[in-house]
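Mapping of the sequence shown onto UniProt numbering: position 29 corresponds to residue 29, and the numbering continues sequentially without gaps. Ideal Cβ positions, reconstructed from N, Cα and C, are used throughout, including at glycine. No experiment lies behind these values; they were computed from the predicted model shown.
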Amino acid sequence: MDEFPTYPSGLRLTGRRVVMVGGGHVAQRRVPQLIAVGADVHVVSPEVTPAIEGMAGAGEVTWHRRGFEDADLDGTWYVIAATDDDAVNEQVSASAESRRIFCVRSDDATRATAWTPAVGRHDGVTVGVLSQREPRRSAAVRDEILESLREGTLAARHQRDRTPGVVLVGGGPGHPDLISVAGRKALMDADVVVADRLAPRELLGDLPADIELIDVAKLPRGRSALQEEINRVIVERALAGKQVVRFKGGDNFVFGRGYEEVIACREAGVPVTVIPGLTSPVAVPAVAGIPVTHRGVAHEFTVISGHLPPGHPESLTNWSAVAAQTGTVVLMMAVENAPAIAAALMAGGRPASTPVAVVCDGTMPGERTVLATLEELETALVENGVRPPAIIVVGEVVAVAHPTAFS
Ligand code: SAH
C-alpha cells in the first residue's frame, strides 16, 4: 500500500494566480515551467537569484521584494512554499490550508497538500511521474518513458503523424547520438527512408522492420544520373501516399544537393520539410577538440568544397581571396586536391608554417587527427594514408588546440 496516496491531475493554470514563496534554486527550477503554461506567477521573497530577477525584469513574473504575508494568497489558485526557513514554509502551508489552496512544500513533502511530479513532454504528450517520496526514481522512470517515446519503442506508433510528403533529415557527422531529436523522430515515423553512404548507419539498425529502406548506393542508374533517380524515387513514393525521409550525413544543404530535392518535390506538388543536421565542418573539428573560431585568433571561418582544384574552369572559389584572409579555412571533400589547395593558399599569402589538422572519420570509432603545416600537408597525407571522409582545418585555431605541436 502507498503510504501517501496521491490523485494525479493536470492543472490548467493559464491566467491564474500562482504564488511562489522563496527565490532560490527551487523557485528558479519551477518558475519557468509555470511561465510556460501561462500562469500569473508572483514570486514573494526579499532576495531572488539573478535568473529570477531577469524574469521579473522581462515582465514574465511579478516579484514582491519582501517576506510572505497571508494576504499574498488572496485570489491564489496554487502556492509553492520553497524558502529555506521552516517557520515561513509552515506559515504559508497553514495559510493555504485555511483558504483551501493546494500547497507544495520543498522542505517537507509529508506536510504538503500537493506534490510536483517529475515532468516531461514529447509531441503533445505530458508525462508526469510520482513515487513514494523518491524523486530520483520518479525522474528515472520519466526519463525511460520519454526516451522510449522518442525512440518509438514505446508502442505509440499508431498515433504517429502520417502526412504524406518528404522530410529532408540531416543525420549529423556520423555518431548516432548526434542527430537531433526531431530528426530521430522523423526517422522512426517514416514509411520510407532513402539513405546515403555518409548518413549515420547505426541509426538505420534501429528502424522498425516495416520501414522501406532504400540505399542510394544501390539505386539503379540507367539513362538518368544518380541525383535524378533519387529525386524520382522520393517524389514517386510521396505521391503514393508515403512519408519519405531523405537521410543524409551532416546537413542536407551543405554540399548535400538537398535543395535540388526540394525543387523536385515542389515541382511535383509534394510537401517537403527540412530538419537541419549538425554539419561536419563545424561538428567534426569540435569533437576533435578544435574550435573553428577563438577570441583574438579567428574572426571568420570559411567552409570550402575542395572537390575541384584551384584554377579548375568550373571552380567557383576565389582562392587568392581566401588566402588573403587570416581566419580559419575548413576544407571538405579535399583529400585529393589538398596539395594543390595548400599551394594556392601559400601563393596567396598564407604562411607556410600555418597549422593544419586533418580529422578523418570524425565522431566515428576510427576517428584520428593528423597534424601538419601547410608546407608539409602533402607529405603528411601520404605518410598517414589519409582517405576520405576527412575535414581539413587550416589556421591558427589548430595551434590553439595543439600548442605543443606548433610551438
Ligand atoms: N552534408 C554533409 C557534407 C557532405 S560532403 C555535412 O553537412 O557535413 C562530404 C564531405 O563531408 C566529406 O568528404 C568530408 O569532407 C566531410 N565529412 C562528412 N562527415 C565527416 C566525418 N564524419 N568525418 C570527416 N569528414 C566528414
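query	result
Does DSSP put T404 in a helix, a strand or coil?	helix
Nearest to D84 by alpha carbon, out of R133, P50, M20, R99?	M20
Let me know the secondary structure DSSP gives S131 once reduced to three states.	coil
Helix, strand or coil: how does DSSP classify S305 here?	strand
Grab the span of the alpha helix (DSSP H) containing M333 for me, first residue to last.	Neither: M333 is in no alpha helix (DSSP H) and is coded neither H nor E.
Please enumerate, following chain order, all residues with a beta carbon closer than 7 Å to at least one heavy atom belonging to ligand 1.	G170, P173, G174, L198, K248, G249, G250, D251, N252, V254, F255, G256, G277, T279, S280, P281, V284, M332, M333, A334, V359, C360, D361, G362, T363, M364, P388, P389, A390, I391
Measuring CA to CA, which of H122, R150, A118 is closest to R142?	A118
Evaluate V382 with the Cβ neighbour count: other Cβ atoms within 10 Å of its Cβ, from every protein chain shown; 16 or more gives buried, anything less gives exposed.	exposed
With a threshold of 6 Å on Cβ separation, who are the neighbours of H175 within its own chain once the five nearest residues in sequence on each side are excluded?	T363
To the nearest angstrom, how far is the alpha carbon of residue 424 from that of S305?	Missing from the structure shown is residue 424; the chain here goes from 1 to 407 and no further.
Per DSSP, which residues does W115 bridge with? Please list them.	Per DSSP, none; premise fails for W115.
Quickly, what does DSSP pair W77 with across the bridge? List them, please.	Per DSSP, none; premise fails for W77.
Using only alpha-carbon positions, find the residue among P173, P365, L154, V169 that is nearest to V192.	V169
Can you tell me the Cβ-Cβ gap for S180 and I80, rounded? I've got them flagged as a contact below 8 Å.	Incorrect: roughly 33 Å between the Cβ atoms, too far for contact.
Nearest CA to the CA of V330: which residue from V245, I230, V282, R137?	V282
Between which two residues does the beta strand (DSSP E) holding V166 run?	165-170
Rounded to the nearest angstrom, how far is the Cβ of L178 from that of L278, given a contact under 8 Å?	5 Å
Just reading off the alpha helix (DSSP H) that H25 is part of, what are its end residues?	25-36
Residues in the same chain with beta-carbon distance under 6 Å from V303, minus the five sequence neighbours each way, listed in chain order, please.	P281, V330
I need the boundaries of the beta strand (DSSP E) containing T62, first residue and last residue.	62-64
Write down every uninterrupted run of the alpha helix (DSSP H) in the segment 365-394 whose length is 4 residues or greater and which is fully enclosed by it, in chain order.	377-383
Among A264, S148, E367, W77, which residue has its Cα nearest to the Cα of L13?	W77
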